[in-house]
DNA sequence: GTTAGCACTCTCCGCCTGAGAGTGCCAATG
DNA sequence: CATTGGCACTCTCAGGCGGAGAGTGCTAAC
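Residue numbers (this note's numbering), protein chains in the order written: chain Y, 945 to 1290; chain E, 945 to 1290.
Below, the structure is given as C-alpha cells:
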C-alpha cells in the first residue's frame, strides 16, 4: 500500500507500541493487544492493516502466520533513533547511580571494575568498561625492584593513578641500590611525558648522550626501552555475564555457549569496542551490526568517557537485541558522565 | 541378603563397573550392559541380583523401577577409595602437562593463573588455584609511590616473587623523596621477616625507638603499620567455569545458575578450599560432602602445593560428581608437583 | 549359586486432537 | 474511502493415548 519510506505519525506510534510491548514481554504482539493497551482509538483490524504495511516495509516480522509481530533489526533501529530524537526530555538522571559514586576510589582500576558492576546490575545486561589506552597516559612514576638474577619488576604509575606492573629480563644483573638510582633518573627525565611519545623521547635522549658521560643514565634508558617497547593489551572489565542466563532468548544452550565463548576470547570483542571508541559519543549497535556472528542476537550500547587529562576510554552494556533501550541508553550516558567526573578528580 | 559391610571381590568389581560405565555415559546402566562390556562371565540375571544387594547396601540407586542403576555418593566414595588404594600403578605422569611448564614465568600470579587454565582445559572441569596466604610470605621489598595529597601507593614484593599492591591514605603528605627514604628504611629493617610476624616486629621496634632519635624511621613504621594491619583476602584463580555447560547433568538452567552464583560470591568457596588446605595432601570431596547446598552435585578434587620457602597453597578442580576420577586425580597431583617445582625455582 | 524365561513397570516418542491466539480478507458502514 | 465487524483459516501448544524399548524382579529349572 503505502510505499513511501517515510512513515506517517500513526504507523510510527504503532511501530513504537509493538517494539515496547515486545521488549516488555518477549512475545510476539498481536493487533488486539495493541488496541487494548495503547488507547489509539483504533480497532484491531485497522492495526492489522498497518502492521501488514510495516511488515512489507521491513520493520516488523512474523514467526509464523498465526502469531503476532515482532520488530526486525530495522525496526529496532528506527525505534532507537526515534528515542534519541526525543532524548532531551528523557534525560532524568537514573536514580541510585549517583549514590554509588559517593565513595572514594583510590585506584583507577577499582573505579572501572566497580563501574562494570554498576552497569550490569542496573541493566540486567553485561557491563563492559574499556580502560584508557596505556599509550594515552602521562608518565608519573616508575619503580624498579630486583627480583632475582636478571629479572626486574617494573611498576609504573600514570598521572591519573593507574598502576601497571611488568617483569622484564635484562642482560646484566643490578643491585637494588643501582636500580633505585636508575629509577630516580628515569623519574626525573620522563615526568609528564605521554607514553605514546616516550619511545621517541628515549631515542632522542640516547642520541644526545651518545658521549656516555653519564653511564648510569645510559643503562637506565636501555632498561626502560625494554619496558616500553612491547605493546600493551588494553584492559577490559566485564561484569554480569551470567545475566544473560535470565533472558528467555538465550535459553538455547547453543546460543548461550557461543556468546560465552566470545567473552572468553576477548580479542574479537575488543576490536568492536575499539571501533565504538573512535569518534566518541553514544553508539548503539543492534544485532548483526556488531559484526560478530555469534553475537547477532545481541545489542551494544556504548559511549565514551574522558579523564581529566583527556585520556579516553569506553563503557557500556551488551544485552539481548530485545533490551530496554529507553532506560539503558540514559543510564549508560549518565554512568559515563559520573566516571569522567570521578576521573577528573583523581 | 548379604548383610556384611565388607563387599566381596565380585560385588566390588560390579560396583566399579557400574561407576565406570555411568561416568562414561551419564546414563543409568543396566545389568545387560555390564555383562556384555565387562567379561565377568556372569549372566545379566546374576548381575541383577548383585546390583540389588549393592542397592540395599546404599552404593547404588534407581531413578525408577525400570531404569538401570547409578552410583550414590557412597558408591562414588567407595570407588574413589579403591582407586586410591591401587594408585601407585596408575601414577604415570599425564602426558602434555610437563611441556606446558617448560616456559618461564616471571611472576607467581602468572604461574597460578596459567595453572588454573591447565587444570580446566585438561579435565573439562573448573580449575581452581588458591594462592599462598599472604601472611605466609617473606618480606622482600617495599616501594612507596606518592599518588596525590595523602594517598600513597604501596607495592610489596615477597621473596617468592608475588607482588601485592595497595593504596593507603595517611594523615600527612610526604614528598616522593621522603617516601623513598622511608621505603629504604623499611627494606633494611624487614628483610626476610615473615609477614605473619611483621606486626609484632613492628610493635617491638616502635617500643624500642620510643625515644624517637630517628624520626624518619618512626614515621615509616607508622605508615607500614597502616599497610599491614588490614587482613588480606586470599586470591583464588578460577578458570573454565563454562566447562560445566557441557555436562549433561547441568542442562537444567536452575542448577547451573546456582553453581555460577556460588562462583560469583567466592567467600563460601574459599571457606571450603581453605578446609582442603588444612592437613595438606589429596582431598576428594564428593557431592554433598562439600557442604555447599548449591554445589551438591559437584565434586572437588584438590591437593596442596608448596613453594621453595615452604609457603603453601592449594589447587584442584571442581566438576560434576560424575567426573573421571581415575584421570583427574593423577592429573591434579602431577600439576601440584609441577607447580611446587616451578615455585622452588623462582 | 547361577541362569533362562517371563510378566511387569516405567520412560520416551510420535500421533492426534481440541483450545486458543492471531491473521487475512471481505463486505458493510459512516 | 478509511475504518470496522465478522468469519474462515492457520499455526502453536498442551494433553492424552498407545506402542516400542529398556530394564527390573521373581520364579522355576539347571
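Cβ coordinates follow ideal geometry from the N, Cα and C atoms, glycine included.
Excluding sequence positions up to five before and after residue 1105(Y), its CB lies within less than 7 Å of the CB of 1051, 1052 and 1290, all in the same chain and listed in chain order. The region 1004 to 1012 of chain E and the region 1231 to 1244 of chain E do not touch, with fewer than 3 CB-CB distances between them shorter than 8 Å.
Taking 9 Å as the cut-off, the Cβ atoms of residue 1275(Y) and residue 978(Y) do not count as close. Between residue 1265(E) and residue 1063(E), the CB-CB gap reaches or exceeds 9 Å. When CB distances to chain E are screened at a threshold of 8 Å, the residues of the region 1192 to 1220 of chain Y falling below it are 1195, 1197, 1200, 1201, 1204, 1205 and 1208, in chain order.
Here residue 1215(Y) is exposed. Its C-beta has fewer than 16 other C-beta atoms within 10 Å. Judged by DSSP in its simplified three-state form, residue 1050(Y) adopts coil rather than helix or strand.
Against chain Y, the CB of residue 1057(E) has no partner CB under 9 Å away; the residue lies outside that interface. Taking 9 Å as the cut-off, the beta carbon of residue 1049(E) is found closer than this to the beta carbon of residue 1286(E).
Within the region 1051 to 1108 of chain Y, the runs of alpha helix (DSSP H) at least 4 residues long that lie entirely inside it are, in chain order, 1052 to 1067. For residue 1082(Y), the closest of 1107(Y), 1208(Y) and 1258(Y) by C-alpha to C-alpha distance is 1107(Y). Per DSSP, the continuous alpha helix (DSSP H) segment holding residue 1165(Y) begins and ends at 1159 to 1172.
Between the region 1115 to 1135 of chain E and the region 1086 to 1099 of chain E, the count of Cβ pairs shorter than 8 Å is three or higher; the stretches touch. Residue 1040(E) is bridged by DSSP to nothing; it lacks a bridge partner.
The alpha carbon of residue 1122(E) has as its nearest neighbour, out of 1122(Y), 1123(Y) and 1128(Y), the alpha carbon of 1128(Y). Taking a 10 Å sphere around the C-beta of residue 1151(E), we find fewer than 16 other C-beta atoms and assign the residue as exposed.
Bounds of any alpha helix (DSSP H) do not take in residue 1183(E); it lies within the beta strand (DSSP E) bounded by 1180 to 1183.
Proximity of chain E to residue 1186(Y) at the Cβ level (cut-off 8 Å) is accounted for by 1201, 1204, 1205 and 1208, in chain order.
Under a 10 Å Cβ-count criterion, residue 1177(E) is classified as exposed, with fewer than 16 other Cβ atoms of the shown protein chains found around its own Cβ. Around the C-beta of residue 953(E), fewer than 16 other C-beta atoms lie within 10 Å, and the residue is accordingly described as exposed. Taking a beta-carbon distance threshold of 9 Å, residue 1131(Y) counts as an interface residue toward chain E. Within its own chain, the residues whose Cβ lies closer than 7 Å to the Cβ of residue 1019(Y), once the five positions on either side in sequence are excluded, are 959, 963, 1003 and 1004, listed in chain order.
Beyond the five residues adjoining it in sequence on each side, residue 1044(E) comes within less than 7 Å, by CB distance, of 1062 in the same chain, given in chain order. Taking 9 Å as the cut-off, the beta carbon of residue 1208(E) is found no closer than this to the beta carbon of residue 1199(E). Under the criterion of beta carbons closer than 8 Å, residue 1227(E) and residue 1206(E) do not qualify as touching, at roughly 18 Å. Here the alpha carbons of residue 1098(Y) and residue 1103(E) stand approximately 16 Å from one another. Annotation: the continuous beta strand (DSSP E) that includes residue 1243(E) extends over 1242 to 1250. A straight-line Cα-Cα distance of about 28 Å links residue 1282(E) and residue 1231(E).
If you check each beta-carbon in the region 1037 to 1069 of chain Y against every beta-carbon of chain E, the ones closer than 8 Å belong to 1050 and 1051.
Here residue 1251(Y) is buried. Its C-beta has 16 or more other C-beta atoms within 10 Å. Burial is judged here by how many other beta carbons sit within 10 angstroms of a residue's own beta carbon; residue 1124(Y) has at least 16 and is buried.
By the 16-neighbour rule on beta-carbons within 10 angstroms, residue 1022(Y) is buried. For residue 1229(Y), the enclosing beta strand (DSSP E) has its first and last residue at 1227 to 1229. Shown here for residue 1170(E): same chain residues with a beta carbon closer than 7 Å to its own, the five before and five after excluded, namely 1112 and 1114 in chain order. By the neighbour-count criterion, in which a residue is buried when 16 or more other Cβ atoms sit within 10 angstroms of its Cβ, residue 1060(Y) is buried. Within the model, the alpha-carbon separation for residue 1165(Y) versus residue 1085(Y) is close to 15 Å.
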